[in-house]
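Trainee: Numbering (this note's numbering), first residue to last: 1057 to 1240. Positions of the beta carbon are idealized from the N, C-alpha and C atoms, including for glycine. This structure is a prediction, so every number in the text was calculated from the model and none was measured.
1) Under the three-state reduction of DSSP, which class applies to residue 1139: helix, strand or coil?
2) Does DSSP put residue 1176 in a helix, a strand or coil?
3) Less than 8 angstroms between the C-beta atoms of residue 1180 and residue 1217, yes or no?
4) Using a Cβ-Cβ cut-off of 6 angstroms (strictly less than) and excluding sequence neighbours within five positions of residue 1097, which residues of its own chain qualify?
5) Counting only C-beta atoms, is residue 1198 closer than 8 angstroms to chain D at any point?
6) Please report the residue range of the alpha helix (DSSP H) in which residue 1098 lies.
7) Confirm, please, whether the CB-CB distance from residue 1227 to residue 1192 is below 8 angstroms.
8) For residue 1214, which three-state DSSP category applies?
9) Reducing DSSP to helix, strand and coil, say where residue 1152 ends up.
10) So the alpha helix (DSSP H) residue 1234 belongs to, where does it begin and stop?
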């Protein structure tokens, strides 16, 4: 989860829904690390000099740029509460919402003999949905702890979680996911 989606000064930011998801992710991340499960981060590569091309629609055009007049760090900075450790991979996405599209994520998961992915992040209707659908298409089992995802719109958030649960993923409470992780 990066500043561009958590910090309200960014056009894509929505702290009202993102902050609780950050807290839930911190809890999940602590548990994943404690149990020794591999952790992979994905983030949008935000090049401040990036000029959007026609295929970048809507708010994607603004993610790589700082809001004018604000003295902010780059939007691709992962929030402090979820900062990756030196031994954890950070995969930069190339201006597409899926963590898989155009990245080495699938190959890394296969190499590490991962069969199930826990997908979290922002936004439910964008990056989470695209990553979960692609994970499913790569034959990974997909788990989404619903407290660990958020969106700017609660309608989009809830409808996408329902649809993901019906088709591609097991959407479950964070406590259930942590219990499951502890049972492995």
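Mentor: If we stick to the structure as given:
1) Within the chain shown, residue 1139 is the residue found at index 83, counting from 1. Reduced to three states, the DSSP call for residue 1139 is coil.
2) The residue labelled residue 1176 in the question sits at position 120 within the chain shown. Residue 1176: coil per DSSP, three-state reduction.
3) The residue labelled residue 1180 in the question sits at position 124 within the chain shown. The residue labelled residue 1217 in the question sits at position 161 within the chain shown. Contact flag set, yes.
4) Along the chain shown, one-based indexing puts residue 1097 at 41. Hits under 6 angstroms: 1140, 1146.
5) The chain labelled as chain D is not found in the depicted structure, where only one protein chain is given.
6) Walking along the chain shown from the start, residue 1098 turns up at place 42. In the DSSP annotation of this structure, residue 1098 is not part of any alpha helix (DSSP H); the continuous beta strand (DSSP E) holding it starts and ends at 1096-1100.
7) As a working note, residue 1192 is residue 136 in the chain shown. As a working note, residue 1227 is residue 171 in the chain shown. In this structure, residue 1227 does not lie closer than 8 angstroms to residue 1192 by Cβ.
8) Here the question's residue 1214 lines up with position 158 in the chain shown. Three-state result, residue 1214: helix.
9) Sequence index remark: in the chain shown, residue 1152 carries index 96 (1-based). DSSP, read as helix, strand or coil, puts residue 1152 in coil.
10) Looking up residue 1234 in the chain shown gives position 178. Looking at the DSSP string, the run of the alpha helix (DSSP H) that includes residue 1234 is 1230-1239.
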